[in-house]
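Undergrad: Below: one structure in structure tokens.
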Amino acid sequence: MAAERDPAAGAKPASNGVVLIVDDEPVNRQLLEGMLRGRGMTVVQAGNGREAVELFAEQPPDLVLMDVLMPEMDGYEATRRIKAAQGDWFTPVLFVTALSDEQQLAQCVECGGDDFVSKPVNRVQLNAKIDSWLRIKDLYRTVRTQRDELDAYQTRNEVDQRLARDIMEKALRSDLLRQQSGIDYCYQPADILSGDMLLAARAPSGRADILVGDFTGHGVAAAMGSVPVSDLFHRMVREGRDPGEIIDAINQRLYVYLPANLFLAAALVSVSPDGRTVSVWNGGMPDLLWLRDGELVERLPSTHLPLGIEERIRSHDRLCCYCNLEPGDLLLLYSDGVTEARNPQGEPFGESRLREAVRATGGDATQLGQRLDEFRGQRQRVDDLTILALRPDQLMETALLERSQSAPAMWTLSMLFDAEAMRQASPIPALVQLIVDIEKLAAEDGRRILTIITELFTNALEHGMLAMNSSLKRDASGFDDYYDLRRHRLETLRDGSLQLEVALRKHATTGRQLVIRVRDSGPGFDHDRLVPTLHRPAAENEFSGRGLRLVRGLCSDLRFHGRGNAVEAIYGIDAGPQRH
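Residue numbers (this note's numbering): 702 to 1281.
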């Protein structure tokens, strides 16, 4: 039969913990120490409050037993300072006192004390209270750990969402939207990721197609359909498809891939090459406003269901309304987040305020967004908002962008990094995964593309922005010196930028090709001397160019431009890696 444990020994006789005993009477400290050592605890002693505060600062204990009346600094003040110094931790302070005055006991609590132990000290009572407060301390530690894990998860989630947002914004943006004349827009998401989308492209005939969309809700769920819609829209516009066909194809894509509770309200505007006629298809968006000199000419209301609700769009639902415009006419498209925005008094912005703001600003979308911000005041934005001001005659007068001599890009992803962004976690793995998913590439292609982009990006960062010298990596200690210096220079980098662009193009003979461009704002280098060396193996004592040789072996072409601060690599997806 097992021997019964002495209850006076405490619930955890083998527990290891540190207790700080604070008392100006040595005999009292010795008495408490004897009780605590019997349960396996380490004891630290302080003869007054000031000494206790100093010991706490050196090494915080697990629990403090505090006397009240002591010379130099009493227990009240010592407890205040200990509680102030514990920061994010929790250290129980138990007053060991013979005081019975209620006001004095209340003062023990007011200064931060957690409990009392009456003198003369009863060993069973002392151990019970210590067990109880150590359990509370463990619980506090668990809660703090869970909170830290939750904070870390939230931070990672925000970083991932911001990365996804940056990639999506680049994927959705078009050259047509960057024109300086005829098209102006304001875009304000409610969350990091947005359900509003704005697409624009030119057809081979010269027609300009502009789509404004608003997915159900906002955030991640609302943004998930943006990339497939963008890909389909741009491809079909490039093929010269009719607006009705484009709407039908987008509807089918969304019906198949989106859950039943998620759909896309959209308006598609097609501008004729001469800018005099527009066709409008509106499914679930607010009325488009056709304005002339700030006055309403006509509303163009929604006459169709949003996209993704029905499996097929009936032929009559593909029909668009047509408008014959005069020079200077303005078409205003916007999502419902504009008119439904509310001020601190709960009043909606509404269409009347919107039209008044258009007259006052001349239809400048940026100024309209500022008017909305002023109206909303400190009230939080609860929905994404998009405003597009379109002047078809000016849009079509703007000269077409110069066509590239190479095959046109099927899509382009572009990212711009400032000094702060260069210090953050690398977005390259997520970017490559997006490329793999879009093009349905094999894992081996993904690994090669990751190697190419990583090497070019690292080369631009380390040698272009940080002016690192590869000769430091002559041996193991040299590698340590190299990366210590790299870390220091990256931490102190304040200016400069680095741009990464990946474009997909397709040739009839070579198939799909990835064009990878990296440009940094650094001083560059003599690339004419480096390029010939990339065609031969590296010497044993040659420390620079090894990564570029690897890239050269994987790519069909590798070229430097400018002063050496821009590089372009071409990877043949359908051709596989090159052999040189």
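For glycine and all other residues, C-beta sits at the position ideal for the given N, C-alpha and C.
Excluding the 5 residues flanking Gly-814 on each side, which residues of the same chain have their C-beta closer than 6 Å to its C-beta?
TA: Position 113 of the sequence shown, counted from the first residue, corresponds to residue 814. Once the five neighbours on either side are set aside, the close Cβ partners of Gly-814 are Thr-780, Val-794 and Phe-796.
Undergrad: Any chance you could list the beta strand (DSSP E) runs of at least 3 consecutive residues sitting entirely within the region 975–1045, in chain order?
TA: 978–984, 989–993, 996–1001, 1022–1025 and 1031–1035
Undergrad: In this structure, does DSSP put Asp-1275 in helix, strand or coil?
TA: As a working mapping, residue 1275 is identified with position 574 in the sequence shown. DSSP places Asp-1275 in coil when its eight states are reduced to three.
Undergrad: Expressed to the nearest angstrom, what Euclidean distance is found between the alpha-carbon atoms of Pro-708 and Lys-830?
TA: Counting from one through the sequence shown, the residue named residue 708 turns up at place 7. Counting from one through the sequence shown, the residue named residue 830 turns up at place 129. With a pLDDT of 41 at Pro-708, under the threshold of 50, the modelled position of this residue cannot be trusted; read the value that follows with caution. Going by the C-alpha atoms only, they are around 13 Å apart.
Undergrad: Determine the DSSP secondary structure at Lys-1207, reduced to helix, strand or coil.
TA: Within the sequence shown, the letter at position 506 stands for residue 1207. In the structure shown, Lys-1207 sits in a strand (DSSP, three-state: E or B).
Undergrad: Let me know if Asp-1221 comes out buried or exposed under the rule of 16 or more other beta-carbons within 10 Å of its beta-carbon.
TA: If you number the sequence shown from 1, residue 1221 lands on position 520. With 16 or more Cβ atoms within 10 Å of its Cβ, Asp-1221 is classed as buried.
Undergrad: Mind checking Thr-846: buried by the 16 CB within 10 Å criterion, or exposed?
TA: The residue you call residue 846 lines up with position 145 of the sequence shown. Classification for Thr-846: exposed.
Undergrad: Hey, how far is the Cα of Arg-1056 from the Cα of Asp-975?
TA: Your numbering for residue 1056 matches position 355 in the sequence shown. Your numbering for residue 975 matches position 274 in the sequence shown. Roughly 27 Å between the two C-alpha positions.
Undergrad: Confirm, please, whether the CB-CB distance from Gly-1197 to Gly-1223 is below 8 Å.
TA: As a first step, residue 1223 is located in the sequence shown; it is residue number 522 there, counting from the start. As a first step, residue 1197 is located in the sequence shown; it is residue number 496 there, counting from the start. Yes; because the gap between Cβ atoms is below 8 Å, this pair is in contact.
Undergrad: By DSSP, does Arg-781 sit in helix, in strand, or in coil?
TA: On the sequence shown, position 80 is the one that residue 781 refers to. DSSP places Arg-781 in helix when its eight states are reduced to three.
Undergrad: So the alpha helix (DSSP H) Ser-1171 belongs to, where does it begin and stop?
TA: In the sequence shown, counting from the first residue as 1, residue 1171 sits at position 470. It is not in any alpha helix (DSSP H) - Ser-1171 carries neither H nor E in the DSSP assignment.
Undergrad: Does the count of Cβ pairs from the region 1022–1042 and the region 973–990 closer than 8 Å reach three?
TA: yes
Undergrad: For the alpha helix (DSSP H) holding Leu-795, just list the boundary residues, first then last.
TA: Residue numbering aside, residue 795 sits at position 94 when the sequence shown is read from its first letter. Run containing Leu-795: none in the alpha helix (DSSP H); it sits in the beta strand (DSSP E), 794–798.
Undergrad: For the beta strand (DSSP E) that contains Thr-743, what are its first and last residues?
TA: In the sequence shown, counting from the first residue as 1, residue 743 sits at position 42. Per DSSP, Thr-743 belongs to the beta strand (DSSP E) from 743–747.
Undergrad: By alpha-carbon positions, which one of Asp-789, Asp-1119, Gly-739 and Pro-821 ends up nearest to Val-728?
TA: As a position in the sequence shown, residue 728 is number 27, starting the count at 1. Of the candidates Asp-789, Asp-1119, Gly-739 and Pro-821, the one whose C-alpha sits nearest the C-alpha of Val-728 is Pro-821.
Undergrad: Return the first residue and the last residue of the beta strand (DSSP E) that Asp-897 is part of.
TA: Taking the first residue of the sequence shown as 1, we reach residue 897 at position 196. 897–903 is the span of the beta strand (DSSP E), which, as asked, contains Asp-897.
Undergrad: Pull up the CB-CB distance for Ile-1150 and Leu-1215, whole angstroms please, since I reckon it's below 8 Å.
TA: Here the question's residue 1150 lines up with position 449 in the sequence shown. Here the question's residue 1215 lines up with position 514 in the sequence shown. 6 Å between Cβ atoms; contact.
Undergrad: Would you mind sorting Thr-856 into buried or exposed? The rule is 16 or more other CB atoms within 10 Å of its CB.
TA: Indexing the sequence shown from 1 puts residue 856 at position 155. Burial call: exposed.
Undergrad: Tell me which same chain residues have a C-beta within less than 8 Å of the C-beta of Thr-1062, skipping the five on either side of it?
TA: The residue labelled residue 1062 in the question sits at position 361 within the sequence shown. Within the same chain, Thr-1062 has close Cβ partners Gln-1068, Leu-1069 and Arg-1072.
Undergrad: Between Ile-1153 and Cys-1256, how many whole angstroms is the CB-CB distance? I'm expecting something under 8 Å.
TA: On the sequence shown, residue 1153 is found 452 positions in, with the first residue counted as 1. On the sequence shown, residue 1256 is found 555 positions in, with the first residue counted as 1. Rounded, the Cβ-Cβ distance is 6 Å, consistent with contact.
Undergrad: Using 10 angstroms around the beta-carbon of Gln-1079, count the other beta-carbons present and answer buried if the total reaches 16, otherwise exposed.
TA: As a working note, residue 1079 is residue 378 in the sequence shown. When all chains shown are included, Gln-1079 counts as exposed.
Undergrad: So Arg-939 packs on Ala-902, CB below 8 Å; how close in whole Å?
TA: Taking the first residue of the sequence shown as position 1, residue 939 is located at position 238. Taking the first residue of the sequence shown as position 1, residue 902 is located at position 201. The distance from the Cβ of Arg-939 to that of Ala-902 is about 7 Å, consistent with a contact at the 8 Å cut-off.
Undergrad: If distances are taken between C-alpha atoms only, which option among Arg-1077, Val-1039 and Gly-1051 comes closest to Ala-1283?
TA: A query on residue 1283 cannot be resolved here, the shown segment of the chain reaching from 702 to 1281 and no further.
Undergrad: Between the Cα of Leu-1282 and those of Met-742, Val-1059 and Leu-1033, spot the shortest distance and give me the residue it belongs to.
TA: The shown model of the chain, from 702 to 1281, leaves out residue 1282, and the question about it has no answer.
Undergrad: What three-state label does DSSP hand Gly-718 in the structure shown?
TA: Numbered from its first residue, the sequence shown carries residue 718 at position 17. Three-state DSSP puts Gly-718 in coil, outside helix and strand.
Undergrad: Val-957 CB to nearest chain C CB: under 8 Å?
TA: Of the protein chains in this structure there is only one, and it is not chain C.
Undergrad: With distances taken between CB atoms, is the gap from Ser-1036 to Leu-1086 smaller than 8 Å?
TA: Reading the sequence shown from its first residue, position 335 is the one you call residue 1036. Reading the sequence shown from its first residue, position 385 is the one you call residue 1086. Going by C-beta atoms, Ser-1036 is nearer than 8 Å to Leu-1086.
Undergrad: My output table needs one value for Phe-1076: the three-state DSSP class, helix, strand or coil.
TA: Position 375 of the sequence shown, counting from 1, holds the residue named residue 1076. In the structure shown, Phe-1076 sits in a helix (DSSP, three-state: H, G or I).
Undergrad: Per the contact definition of three or more C-beta pairs closer than 8 Å, is the region 767–786 in contact with the region 734–746?
TA: no
Undergrad: Can you find the residues in the same chain that come closer than 6 Å, C-beta to C-beta, to Asp-763, ignoring five residues on each side of it along the sequence?
TA: As a first step, residue 763 must be located in the sequence shown, where it is residue number 62. Around Asp-763: Gly-718 and Val-719.
Undergrad: Restricting to Cα atoms, I'd like to know which of Arg-751, Gly-788 and Val-930 is closest to Asn-952.
TA: The residue labelled residue 952 in the question sits at position 251 within the sequence shown. Residue Val-930 is the option with its Cα nearest to Asn-952.
Undergrad: Using the Cα positions of Trp-991 and Asp-885, report the straight-line distance between them to the nearest angstrom.
TA: The sequence position of residue 991 within the sequence shown is 290, counting from 1. The sequence position of residue 885 within the sequence shown is 184, counting from 1. Rounded to the nearest angstrom, the two C-alpha atoms are 15 Å apart.
Undergrad: Assuming Asp-1275 contacts Arg-1213 (C-beta within less than 8 Å), just tell me the rounded distance between them.
TA: As a working note, residue 1275 is residue 574 in the sequence shown. As a working note, residue 1213 is residue 512 in the sequence shown. That belief holds up - the Cβ atoms of Asp-1275 and Arg-1213 are roughly 5 Å apart, short of 8 Å.
Undergrad: Can you list, in chain order, the residues of its chain with a C-beta nearer than 8 Å to that of Glu-1103? Leave out the 5 residues immediately preceding and following it.
TA: Locating residue 1103 in the sequence shown gives position 402, where the first residue counts as 1. The pLDDT assigned to Glu-1103 is 34, lower than 50, so where the model puts this residue is not dependable, and the model offers no usable value.
Undergrad: Compute the Euclidean distance between the alpha carbons of Gln-805 and Ile-722, then round it to the nearest angstrom.
TA: Here residue 805 corresponds to residue number 104 of the sequence shown, with the count starting at 1. Here residue 722 corresponds to residue number 21 of the sequence shown, with the count starting at 1. Whole-angstrom Cα-Cα distance: 20 Å.
Undergrad: Should Val-1203 and Ala-1161 be called a contact, given that it needs their Cβ atoms to be closer than 8 Å?
TA: Counted from its first residue, the sequence shown places residue 1203 at position 502. Counted from its first residue, the sequence shown places residue 1161 at position 460. Their beta carbons are not under 8 Å apart, which means Val-1203 does not touch Ala-1161 by this criterion.
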